[in-house]
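K.L.:
Next up is a structure, given as structure tokens.
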Amino acid sequence: MAAPPPFSWTNGSIHLDVIVGVGLLGGAYLGAWLSQPRGMRARPVLLFCGGLAALVAALNGPLHDLSDYYLFSAHMVQHLVLTLVVPPLLLAGTPAWMADSVLRGVSRWRPAGALIGVLVRPLPALVCYAVALVAWHLPGPYNAALERHGLHVLEHLALIATAVLGWWPVLSPATIAPPLPYAGQLLYLFVFGIPMTVVAAFVTRAEHVLYPFYAAAPRIFDITPLTDQRLGGVIMWVPAAIIPVLVFSLVFFRWVAAEAEADA
């Protein structure tokens, strides 16, 4: 393993490909808003930009360096941001007319349109998310991604894309591929956290270091490789339980409010 750069809380690595990709996505988003005669709305723009900011923070700076060179636990924080923070913010910040426009554009190419139409359904969406999450945390693929930058980029893209699918049945902004009814959303959220809980349990209960890359990484903050690995498992375990519960509560109160409005 090549010698990592000296770690600093104030001077982390900057990846131009991430900055350019986020800039293009943000530019396309703002350009779509500016093309609307009714103008922009503050709340969705802030949510979407918050998702982009979280993406930049996760893949650059101190968190990136800790994740890529030193600590498995920091890498789990990064993956939580990529799967449980960035996708919900991007979906919540996308207005219905924009989501419908994108889906209609994709559907003009029939194979892609048909595939997207299947993948946003609850069961395929959850399966894609679960398979990607579990597969990329197996020791072989995980270690290979740390050793090869191109594969690491592919890992992150796969986690983000499948997490968008995983959140779609609850947070879909589109009218042509809408979210589940409230009752369905609540049932879906019961199982949404299971894949990450499985990964967290696998990592936390391991009696030996699963990822050779981190066993050979320089020690930082006096954390042993096995302690670091178990800490990473706990970091995954707790948010995997809490975040779906928080969203479950939000959906429940929205359902109650909708029922009250309908009765009125």
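In my numbering, the protein residues as written are 9 to 272.
The beta-carbon is built from N, C-alpha and C at its ideal position, and this holds for glycine as well.
Here the structure is a predicted model, which means the values were calculated and not measured.
Hey, how far is the Cα of L194 from the Cα of T212?
P.N.:
Cα to Cα, the separation comes out at about 28 Å.
K.L.:
For H23, collect the residues of the same chain with a Cβ closer than 8 Å to its Cβ; drop the 5 residues on either side in sequence, then sort them by chain order.
P.N.:
Hits under 8 Å: L67, N68 and H72.
K.L.:
So, helix, strand or coil for S257, using DSSP?
P.N.:
DSSP places S257 in helix when its eight states are reduced to three.
K.L.:
Among A120, H157, L167 and I124, which one has its Cα closest to the Cα of V142?
P.N.:
Nearest of A120, H157, L167 and I124 to V142, Cα basis: L167.
K.L.:
Under the assumption that S81 contacts G201 (Cβ atoms under 8 Å), give the Cβ distance between them as a whole number of angstroms.
P.N.:
Between G201 and S81 the Cβ distance is about 19 Å, and since that is not below 8 Å, they are no contact.
K.L.:
Looking at the C-beta of P233, does it have a partner C-beta in chain D at a distance below 8 Å?
P.N.:
In summary, chain D is missing from the structure at hand, where a single protein chain is found.
K.L.:
How long is the line joining the alpha carbons of A65 and D271, rounded to whole angstroms?
P.N.:
Those two C-alpha atoms are separated by around 45 Å.
K.L.:
Which residues in the same chain as F260 place their Cβ atom closer than 7 Å to its Cβ, once the five residues preceding and following it in sequence are excluded?
P.N.:
So the qualifying residues of the chain are L194.
K.L.:
Which term fits L79, buried or exposed, when burial requires 16 or more other beta carbons within 10 angstroms of its beta carbon?
P.N.:
L79 comes out buried.
K.L.:
Classify I27: buried if its beta carbon has 16 or more other beta carbons within 10 angstroms, exposed otherwise.
P.N.:
Result: exposed.
K.L.:
Is it true that the CB of L127 sits closer than 8 Å to the CB of L173?
P.N.:
Yes, the pair counts as a contact, with Cβ atoms nearer than the cut-off.
K.L.:
Going by DSSP, which residues form a beta bridge with S21?
P.N.:
Answer is G69.
K.L.:
Compute the Euclidean distance between the alpha carbons of A138 and P12, then round it to the nearest angstrom.
P.N.:
Taking the straight line joining both Cα atoms gives about 32 Å.
K.L.:
Quick check on V2: does DSSP put it in helix, strand or coil?
P.N.:
Any property of residue 2 remains undetermined from this structure, which presents the chain solely from 9 to 272.
K.L.:
Let me check understanding here. Comparing Cα to Cα, which of A268, I228, L55 and V264 lies closest to F15?
P.N.:
Comparing Cα-Cα distances from F15 to each of A268, I228, L55 and V264, the minimum goes to I228.
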